[in-house]
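**Student:**
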Amino acid sequence: MTVMNILAIESSCDETAAAVIRDGHTALSNIIASQVEIHARYGGVVPEVAARSHIEVIIAVIEKSLSDAKLTWDDIDAIAVTKGPGLIGSLLIGVMTAKTLALVKRKPLIGVNHIWAHAFASFLDAEKPEFPILALTVSGGHSALSLYHEDLSREVVGETLDDAAGEAFDKVAKLLGLSYPGGPAVSKAALEGNPDAYKFPIANLGKASFDFSFSGLKTAVLRQVQQITGVNPGALDGVKSYQLDPQVVADLAASFQKAAITALIKQTHKAYLQYQPKALVVGGGVAANTYLREKLLDIIPEAIFVPPVLCTDNAAMIGALAYQKYQKGQITDPFELTADSSLELI
Ligand code: KG4
Ligand code: ZN
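Pasting the structure below:
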């Protein structure tokens, strides 16, 4: 039986990643060179620094993905790459590298949407989802509920009206003086806190809406910090000049996490009942959150969570979606492929 090996490349933000995916579901290798330490000192991703760092490591990362998979270029049947959305300078490095390799090595090229790929990471699990798939995709830049159909079309049924879920975690982490990236730091602090210590709001956008909104919640946390410290963090311009007691930080983190996650679960459950999909999958960085996993599985035990290591940015998910596209003949002309930082809905 012939197998199909796709070499996938991801460089949309602050991870330079490459993976080899066999037959759309097995990761023979999954290399992720993270820039977290580089950006942590600035408290967030600096686009120019990210792009430069991708250039420095991308070839080594690709070579390692081949050697870890114990394969050579002859074994690779196609090349896949993230075409957007993301930071334009970062995307360009992956796209230019993939185009060049596709032409030089004479391989078909498949351009992939990063947001879609977060949901298709679920195909790398033992339990493969069936179409139509309702996907909750919650990352640093996006929060959406989408329906994916057999023909690989996507219908967005709900999305954030303001901040993405991960962005809200990152901003609240900053307010609490926690380290970057904020999501893991907030959920770790929350383990020691009381989720009912503070009552934070959950946006009510009406019965018929499957959208999200986190700006009211974020402002409520800011006001609470202001009340506790007597300092307005909003007027500090990023300079931290207050110190919160660790137990207060834990209680604020736990109460914020409860409100943010309850909002995600409420809309997801409503959409699940309304659209009755064959599968519900949850992916993206925030899907690594343990509280979200536990609470959603309590309500929808059949929900498929992307494995934690594949929730945050990686190239294995790019390969998983590329395989589905290849099966449908959705190949990209290397001369036509362009990086697009705002590619959200196609
Ligand atoms: O998918 P991802 O790696 O990158 C984007 O495409 O944006 O998501 C990163 C986001 C960050 O905002 C990070 O704070 C959040 O996912 N995140 C978490 C957790 N782990 C990562 N948020 C909540 N709980 C976590 N355990
Ligand atoms: Zn992502």
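For the sequence shown, this note's numbering gives the first residue as 27, with consecutive numbering after it. Beta carbons are placed, not taken as given, at the ideal position from N, Cα and C, and that holds for glycine. Since the structure is predicted, the reported quantities are computational estimates derived from the model, not experimental observations.
In this structure, what does DSSP give as the bridge partners for Arg48?
**Tutor:** Position 22 of the sequence shown, counting from 1, holds the residue named residue 48. DSSP, once it has assigned bridges, lists Asn31 and Thr52 as partnering Arg48.
**Student:** Helix, strand or coil, according to DSSP, for Gly345 in the structure here?
**Tutor:** In the sequence shown, the residue the question calls residue 345 occupies position 319. Looking at Gly345 - three-state DSSP - the assignment turns out to be helix.
**Student:** Beta-carbon within less than 6 angstroms of Leu127's beta-carbon, same chain only, minus the 5 sequence neighbours each way: which residues are those?
**Tutor:** As a position in the sequence shown, residue 127 is number 101, starting the count at 1. Answer for Leu127: Ile105, listed in chain order.
**Student:** Using 8 angstroms as the threshold, is the region 132-148 in touch with the region 338-351, meaning 3 or more CB pairs across them?
**Tutor:** Yes, the region 132-148 touches the region 338-351.
**Student:** Rounded to whole angstroms, how far is the Cβ of Leu173 from the Cβ of Val183, which I believe are closer than 8 angstroms?
**Tutor:** Taking the sequence shown and counting its residues from 1, one reaches residue 173 at position 147. Taking the sequence shown and counting its residues from 1, one reaches residue 183 at position 157. About 6 angstroms; that satisfies the 8 angstroms criterion.
**Student:** For Thr98, which residues in the same chain have their Cβ closer than 8 angstroms to its Cβ, ignoring the five residues on either side in sequence?
**Tutor:** Translated into positions along the sequence shown, residue 98 becomes position 72. These residues qualify, in order along the chain: Leu92.
**Student:** Using only the alpha-carbon positions, how far apart do Asp237 and Thr316 sit?
**Tutor:** Along the sequence shown, read from residue 1 onward, the residue named residue 237 stands at position 211. Along the sequence shown, read from residue 1 onward, the residue named residue 316 stands at position 290. Each residue's Cα considered, the two are about 22 angstroms apart.
**Student:** Could you tell me the boundaries of the beta strand (DSSP E) in which Ile105 lies?
**Tutor:** For the purposes of this step, residue 105 is taken as residue 79 along the sequence shown, with counting starting at 1. Segment Ala104 to Gly110, the beta strand (DSSP E) holding Ile105.
**Student:** Just checking my contact of Pro334 with Lys125 at CB under 8 angstroms: how many whole Å lie between their CB atoms?
**Tutor:** As a first step, residue 334 must be located in the sequence shown, where it is residue number 308. As a first step, residue 125 must be located in the sequence shown, where it is residue number 99. Between Lys125 and Pro334 the Cβ distance is about 32 angstroms, and since that is not below 8 angstroms, they are no contact.
**Student:** If you drop the 5 nearest sequence neighbours on each side, which residues of the same chain put their C-beta closer than 7 angstroms to that of Thr358?
**Tutor:** Position 332 of the sequence shown holds residue 358. Counting only Cβ-Cβ distances below 7 angstroms, and skipping sequence neighbours, we find Leu135, Ile136 and Gly137.
**Student:** Can you tell me which of Tyr352, Ala234, Pro73 and Asp188 puts its alpha carbon nearest to the alpha carbon of Asp103?
**Tutor:** Along the sequence shown, one-based indexing puts residue 103 at 77. Ranking the options by Cα distance to Asp103, first place goes to Tyr352.
**Student:** Comparing the CB of Ala144 with every heavy atom of the ligand KG4, is any distance shorter than 7 angstroms?
**Tutor:** Within the sequence shown, residue 144 is the residue found at index 118, counting from 1. Reading off the sequence, residue 144 comes out as His, not Ala. Correct: His144 has its Cβ closer than 7 angstroms to the ligand KG4.
**Student:** DSSP on Tyr206, reduced to helix/strand/coil?
**Tutor:** Here the question's residue 206 lines up with position 180 in the sequence shown. Coil at Tyr206, not helix or strand.
**Student:** Any chance you could list the alpha helix (DSSP H) runs of at least 4 consecutive residues sitting entirely within the region 142-228, in chain order?
**Tutor:** With a minimum length of 4 residues, the continuous alpha helix (DSSP H) runs that stay inside the region 142-228 are 191-201 and 208-216.
**Student:** Where does Glu89 fall in DSSP's three states?
**Tutor:** The residue labelled residue 89 in the question sits at position 63 within the sequence shown. In the structure shown, Glu89 sits in a helix (DSSP, three-state: H, G or I).
**Student:** What's the call for Leu175, buried or exposed, on a 16-neighbour Cβ count within 10 Å?
**Tutor:** Numbered from its first residue, the sequence shown carries residue 175 at position 149. Sequence check: residue 175 is His here, not Leu. Label assigned to His175: exposed.
**Student:** Answer yes or no: do Val107 and Gly192 have a C-beta to C-beta separation smaller than 8 angstroms?
**Tutor:** The count along the sequence shown starts at 1 and reaches residue 107 at position 81. The count along the sequence shown starts at 1 and reaches residue 192 at position 166. Contact flag unset, no.
**Student:** What number of angstroms, rounded off, separates the C-alpha of Asn56 from the C-alpha of Ala289?
**Tutor:** As a working mapping, residue 56 is identified with position 30 in the sequence shown. As a working mapping, residue 289 is identified with position 263 in the sequence shown. Distance between the alpha carbons of Asn56 and Ala289 is about 32 angstroms.
**Student:** Where Asn230 and Tyr301 are concerned, what is the direct C-alpha to C-alpha distance, given to the nearest angstrom?
**Tutor:** On the sequence shown, residue 230 is found 204 positions in, with the first residue counted as 1. On the sequence shown, residue 301 is found 275 positions in, with the first residue counted as 1. Rounded to the nearest angstrom, the two C-alpha atoms are 20 angstroms apart.
**Student:** What does the alpha-carbon distance come out to for the pair Lys200 and Ala194?
**Tutor:** Walking along the sequence shown from the start, residue 200 turns up at place 174. Walking along the sequence shown from the start, residue 194 turns up at place 168. Rounded to the nearest angstrom, the two C-alpha atoms are 10 angstroms apart.
**Student:** Alpha carbon to alpha carbon, how far is Leu178 from Gln350? Give it in angstroms, no decimals.
**Tutor:** Counting from one through the sequence shown, the residue named residue 350 turns up at place 324. Counting from one through the sequence shown, the residue named residue 178 turns up at place 152. Approximately 8 angstroms, taken between the alpha carbons.
**Student:** Between the alpha carbons of Ala86 and His80, how many angstroms are there, rounded?
**Tutor:** Here residue 86 is taken as the residue at index 60 of the sequence shown, counted from 1. Here residue 80 is taken as the residue at index 54 of the sequence shown, counted from 1. Rounded to the nearest angstrom, the two C-alpha atoms are 10 angstroms apart.
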